[in-house]
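Everything below concerns the one structure shown next.
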């Protein structure tokens, strides 16, 4: 497509497309099987949810980069998007971070359903229970604009799995396999999909396994894992304007090493199901209706096998069993009451129940923890039979008052109820016996876009969202925090006020000649930011630091921005560059906020011909010495990493790709990566990785 024509279409899309405030929890239609290449190598679209950003040349290049970059886990894919990062604690479960926000500050949604991690150690993330081969698209909302997705989204990530084909025909599918040298990561996957009259279907399966990997310095990083996953979906067309969709999923993870945690994950057992009805409204201004019900269960066990705590002098046997059960529903209606006016009304609800029990056995001569006394067994609830329920309603509207302007606004109201039935005696004595709390939270946001010319547009957005405290922040009894890089113990606080994130954004998008540009800046203030303070309480575990902390409300502020530029510099050759900057401060502790990524830059050059493509990528990150000392965060040094990727279509239905990641075998650490609680060293990234993949469509 011609660059100039594409930019013009981008400018038009800014004014006509549905803006983030109006986004529903899923796409309006099922995805078709796509082109031959997409069938062979299923496309993962990763994008910001702003209309201008998703439609331009930068977005297309981004899509190509993602599709050709091998990943052990879904969290690795997010690092391709400026302003988005992830926390590595092990080979799987990389935890997303969006402009300094993390954990439940970033809502996680899969096919419209709200997901939460399966354990109190947050070894997993909502996205880690979905293999990259199952993903159709990843959409990231970097601010408080995802009001219709669900509650408490200071930022949000929405993932859609592959849909069913739109047209009737014979069954189709693909088989794929790949191998990565560093860590001996191997995987195989396959899909089968088709449509017969009113019924369409897709089944997908994948296995993936890996071993320890080596960073550039040649040391060994524990990284074993095994994953098996299966998914099925069916869509039945009730009429030309409505259908019913049913989705089922199962995943089993086993023997996962976590060098960044005190325990390893022995297994995850994940089940999920959903049913959805959608009425598209047909022609004219008929309403569009959407209803979804869903449920998921994650059973999880972790232990200290292979950790120093299992050996002398500590000599402990530690096992944690946990379960997370989530049920939810949502309903939404879109209306077009007048020309250039769109209204969206909806309601959603979920209930997340969490239970986790840690059992510690001290062998003869081992170190005894507090409360063990003369016995050798201690059982402590890490999640004390805790439940959080949210019921919310929302309304959004969008209008174009002039041919150059588009304005959208939205408001959301939520009622939250939280309780825990099994808090400890120590918690009752030092925090209180009253655990049930309720909240009424209001959130609102607005966005205005003005088309400056045929090639340029400017947008401004403002929003404020309330996030309720999670179960660990409310009910912990001396449990290590996950939003810290130290192994100190933390006490919960059921009286925590909800965090309120208020953010303003400014976007400028357009192009000069053949160069397309997108730039954004933001400023965010978080009132009642959940931070920490030291207490005089006694630590439970003998190996923990002496100081026990309590979760308290404070404040924080962040500023930053991203820029993307791309241009065809020669025939068949396109170059794209990105920049990202972030600054954050915890005002209560009067120090830098935890988890602020350093300035980062990426340059991608892609050469494409009819049957093959070559891509070179250079990624650079500056040093980061603005760190949260109180939370144990350490400074990191700058690094530059280069990748070289290639792809060739060898015949009908057959594609081979390969290359090398970290070609220079650099030793480096992502600043957000967790620290090994025993060595106090951060978990490094893999060194040189040579990979190959082959896929066949039929």
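In my numbering, the protein residues as written are 785 to 1482.
Quick reminder that beta carbons are idealized off the backbone N, C-alpha and C, glycines included.
Being a predicted model, the structure only gives us computed values, none of them experimental.
Among the options, which one has its Cα closest to the Cα of residue i?
i: residue 916; options: 930, 971, 871; result: 971
i: residue 1223; options: 1201, 895, 901, 1326; result: 1201
i: residue 1119; options: 1220, 1071, 1413; result: 1071
i: residue 1180; options: 1171, 1196, 950; result: 1196
i: residue 1428; options: 1121, 1435, 1389; result: 1389
i: residue 1014; options: 1400, 987, 1415, 943; result: 987
i: residue 1020; options: 950, 1000, 1073; result: 950
i: residue 1352; options: 1326, 1257, 1300; result: 1300
i: residue 964; options: 1025, 952, 857; result: 857
i: residue 855; options: 866, 893, 919, 894; result: 919
i: residue 1031; options: 1012, 1061, 1314; result: 1061
i: residue 876; options: 996, 899, 885; result: 996
i: residue 1464; options: 1253, 1422, 931, 1268; result: 1268
i: residue 1186; options: 1123, 1240, 1169, 1074; result: 1123
i: residue 1037; options: 1377, 1011, 1027; result: 1011
i: residue 1472; options: 1456, 1106, 1402, 1451; result: 1451
i: residue 1457; options: 1391, 872, 865; result: 872
i: residue 953; options: 937, 943, 944, 985; result: 985
At the level of alpha carbons, what is the spacing between residue i and residue j?
i: residue 1225; j: residue 922; result: 28 angstroms
i: residue 1470; j: residue 968; result: 12 angstroms
i: residue 1212; j: residue 1476; result: 56 angstroms
i: residue 896; j: residue 933; result: 7 angstroms
i: residue 946; j: residue 1023; result: 22 angstroms
i: residue 1145; j: residue 1262; result: 18 angstroms
i: residue 1190; j: residue 1127; result: 14 angstroms
i: residue 909; j: residue 998; result: 24 angstroms
i: residue 894; j: residue 1057; result: 11 angstroms
i: residue 960; j: residue 1034; result: 20 angstroms
i: residue 976; j: residue 994; result: 26 angstroms
i: residue 1259; j: residue 1134; result: 20 angstroms
i: residue 930; j: residue 889; result: 12 angstroms
i: residue 1254; j: residue 1172; result: 8 angstroms
i: residue 730; j: residue 1303; result: Because the chain here runs from 785 to 1482, residue 730 falls outside it and cannot be looked at.
i: residue 807; j: residue 1380; result: Its pLDDT being 42, under 50, residue 807 is placed unreliably in this model, and the coordinates cannot settle the point.
i: residue 1214; j: residue 1383; result: 42 angstroms
i: residue 925; j: residue 941; result: 6 angstroms
i: residue 1358; j: residue 1432; result: 18 angstroms
i: residue 1237; j: residue 1297; result: 14 angstroms
State yes or no: is the C-beta of residue i within less than 8 angstroms of the C-beta of residue j?
i: residue 1328; j: residue 1417; result: no
i: residue 1371; j: residue 1344; result: no
i: residue 1046; j: residue 1271; result: yes
i: residue 874; j: residue 1007; result: yes
i: residue 1444; j: residue 1478; result: no
i: residue 1283; j: residue 1251; result: yes
i: residue 974; j: residue 955; result: no
i: residue 905; j: residue 1086; result: yes
i: residue 1310; j: residue 1285; result: yes
i: residue 1137; j: residue 903; result: no
By Cβ distance below 6 angstroms, which residues in the same chain neighbour residue i in space, the five residues on each side in sequence not counted?
i: residue 1081; result: 1055, 1109
i: residue 935; result: 1174, 1176, 1198
i: residue 862; result: 868, 870, 880
i: residue 1462; result: 1092
i: residue 1165; result: 1141, 1206
i: residue 1385; result: 1363, 1404
i: residue 1243; result: 1233, 1291
i: residue 1009; result: 875, 876, 994, 1040
If you drop the 5 nearest sequence neighbours on each side, which residues of the same chain put their C-beta closer than 7 angstroms to that of residue i?
i: residue 1453; result: 1420, 1466, 1468, 1469
i: residue 1043; result: 874, 1005, 1006, 1460, 1467
i: residue 927; result: 939, 1245, 1247, 1287, 1289, 1306
i: residue 1318; result: 1331, 1333
Is it buried or exposed for residue i, if we count other Cβ within 10 angstroms and need 16 for buried?
i: residue 1393; result: exposed
i: residue 1139; result: buried
i: residue 1125; result: exposed
i: residue 913; result: buried
i: residue 1041; result: buried
i: residue 1161; result: exposed
i: residue 981; result: exposed
i: residue 1408; result: buried
i: residue 1414; result: buried
i: residue 1121; result: exposed
Only counting the same chain, and skipping five residues up and downstream in sequence, which positions put a Cβ closer than 8 angstroms to that of residue i?
i: residue 1430; result: 1396, 1397, 1398, 1399, 1441, 1442, 1443
i: residue 1257; result: 1276, 1277, 1280, 1314, 1335
Could you check whether the Cβ of residue i sits closer than 8 angstroms to any Cβ belonging to chain C?
i: residue 1134; result: The chain inventory of the structure shown lacks chain C, comprising one protein chain alone.
Can you tell me whether residue i sits near the ligand MG, meaning its C-beta is under 7 angstroms from at least one heavy atom of the ligand?
i: residue 961; result: The ligand content of the structure shown is nil, which means the ligand MG is not present either.
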